[in-house]
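Here the structure is laid out as structure tokens; the discussion comes afterwards.
Numbering (this note's numbering), first residue to last: -8 to 109.
Structure follows, in structure tokens:
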């Protein structure tokens, strides 16, 4: 996750509006007042590597991780919108993020980065 997406040449493969919560979906649902950050989730190609990127108006693009950095991506709730938990390498540890977005587009994004949702 050391690549700066603002300084690299990237190609968007698939993208969608999405919400991001820094933690597990169960934490978000059980926590009163927890808020998702709204933005755009995208599967991108950075110098030949596939990566997952989340961007907001306030903070700009944030690289979630390359295909190799993403340890697990799993759909935890379905419906018109899907909730997907992503576990990615960060430094010496791991980080868990939850993304919520339109079901079909989420499937395309995660399939594009090599982590198809089932």
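Each residue gets a CB set at the ideal place from its N, CA and C atoms; glycine is no exception.
- Within the DSSP secondary-structure output, residue 75 pairs in a beta bridge with 66 and 90.
- Closest in alpha carbon position to residue 55, among 23, 98 and 82, is 82.
- Residue burial is scored here from C-beta neighbours: residue 1 has at least 16 other C-beta atoms within 10 angstroms and is therefore classed as buried.
- By the criterion of a C-beta distance shorter than 8 Å, residue 62 is surrounded in its chain by 78, 79, 80 and 85, once the five residues flanking it on both sides are discounted.
- Rounded to the nearest whole angstrom, the C-alpha separation of residue 16 and residue 93 is 16 Å.
- In the same chain as residue 5, and ignoring 5 residues on each side of it, the C-beta atoms closer than 6 Å to its own belong to 34, 99, 100 and 103, in chain order.
- Closest by C-alpha distance to residue 32, out of 70, 21 and 51, is 51.
- The residue from 95, 97, 13 and 36 with its alpha-carbon nearest to that of residue 58 is 36.
- Just so you know, the alpha carbons of residue 65 and residue 14 end up roughly 14 Å apart.
- Shown here, residue 50 sits in coil according to DSSP, grouped into three states, outside any helix or strand.
- Distance from the CA atom of residue 67 to the CA atom of residue 97, rounded to whole angstroms, is 12 Å.
- In this model, residue 49 and residue 30 are separated by some 9 Å (Cα to Cα).
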